[in-house]
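To convert a position in the sequence shown, counted from 1, into the numbering used here, add 7.
The C-beta atom is built at its ideal place from N, Cα and C for all residues, glycine as well.
Since this is a predicted model, take the numbers as computed values, not measurements.
Here is the structure we will look at, set down as structure tokens.
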Amino acid sequence: MFRFTERAEWFTELHDEDGAPIDGHLQAELIRRMTAPTGVPAELDDEIRAAWLRRDLDPALHRASYLAVLRASGLAVPGHAESLYERVLAAESWDAYPDTVSALTLLAERGIAIGIVSNIAFDLRAVFARHGIDHLVDVWALSHEVGITKPDAGIFRFATDHLDVDPSRTLMIGDSEEADGGARGIGCSFALVEPLPVPDRPRALLDALTAAHIA
């Protein structure tokens with residue numbers, strides 16, 4: 008529904024320990040590491056690895072593990088990793104896909120219950136509020152609030168229970184087969200959308216609803 012999108016100006020004052028600017032290749036790698044939904048960076052020590060595996064359950068672990076990854080990836084100058092990390096938490100850093108508002112509006116107008124299930128360690132409601140659609144969401148199943156992460160069936164069960172809907176009549180749309188596909192474990196249908204740049208995915212959500220005979 009949203010994508011964390013980097014801005015060139017974020018990197019203008021960042022540099023490596025030798026004073027060299029952060030080049031485009033490293034910028035792309037830093038953003039990839041900050042947004043990859045699964046996997047564990049190889050360079051983490053045991054303590055940070057444990058924090059990484061639980062990062063979406065606790066804001067403090069999220070911060071510690073991401074700062075470690077950013078520093079190991081080239082942002083070793085004091086304050087630079089923190090500067091980029093804070094961008095992740097800012098609602099204005101998350102761009103809506105072109106059909107996000109229309110898809111949620113369509114569902115709400117048809118009286119179809121909407122739940123957001125997300126592995127995330129900060130309050131995603133602010134991102135939705137920035138686009139004026141937070142009021143359309145009936146249930147928020149955010150991992151750091153629920154205490155469970157995808158693909159564990161428990162987080163999907165939390166959502167369907169609080170929506171008071173039958174999982175067999177529920178469609179989960181997500182961009183990770185590994186994480187979001189876990190909804191199948193409780194009997195939900197699942198539609199995979201690709202995590203493409205915002206301009207390159209104009210109507211994947213609406214297409215998923217159409218394929219499920221909802222739109």
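Taking a C-beta distance under 9 Å as the contact criterion, residue 40 and residue 100 do not qualify as a contact pair. About 7 Å separates the beta carbon of residue 218 from that of residue 198, a gap short enough to meet the 8 Å contact definition. The way I'd put it, the region 181 to 195 doesn't touch the region 133 to 140; fewer than three beta-carbon pairs between them come closer than 8 Å. Non-local C-beta neighbours of residue 104 in its own chain, meaning closer than 8 Å and more than five positions away in sequence, comprise 8, 9, 10, 205, 208, 209, 211, 212, ordered along the chain. Straight across, the Cα-Cα distance linking residue 50 with residue 57 is about 13 Å. Taking all protein chains in view, the Cβ of residue 87 is crowded by 16 or more other Cβ atoms within 10 Å, so the residue is classified as buried.
Measuring C-alpha to C-alpha distances from residue 165 to each of 98, 175, 148, 158 identifies 148 as the nearest. Between residue 188 and residue 160, the C-beta spacing is not below 9 Å. Taking 9 Å as the cut-off, the Cβ atoms of residue 63 and residue 127 count as close. The C-alpha of residue 136 is placed about 26 Å away from the C-alpha of residue 158. Looking at the DSSP output, residue 146 shares a beta bridge with 122.
Relative to residue 98, the option among 131, 21, 71, 73 whose CA is nearest is 131. Excluding sequence positions up to five before and after residue 125, its CB lies within less than 6 Å of the CB of 131, 149, all in the same chain and listed in chain order. Here the alpha carbons of residue 91 and residue 38 stand approximately 9 Å from one another. Note: residue 178 is bridge-paired with 196 in the DSSP secondary-structure output. The alpha helix (DSSP H) runs lying completely inside the region 74 to 102 and spanning 4 residues or more are 87 to 96, given in chain order. The continuous beta strand (DSSP E) containing residue 11 extends over residues 9 to 11. Sixteen is the threshold: when 16 or more other Cβ atoms of the shown chains lie within 10 Å of the Cβ of residue 156, as they do, the residue is buried.
In this structure, residue 222 sits near residue 110, with a CB-CB distance shorter than 9 Å.
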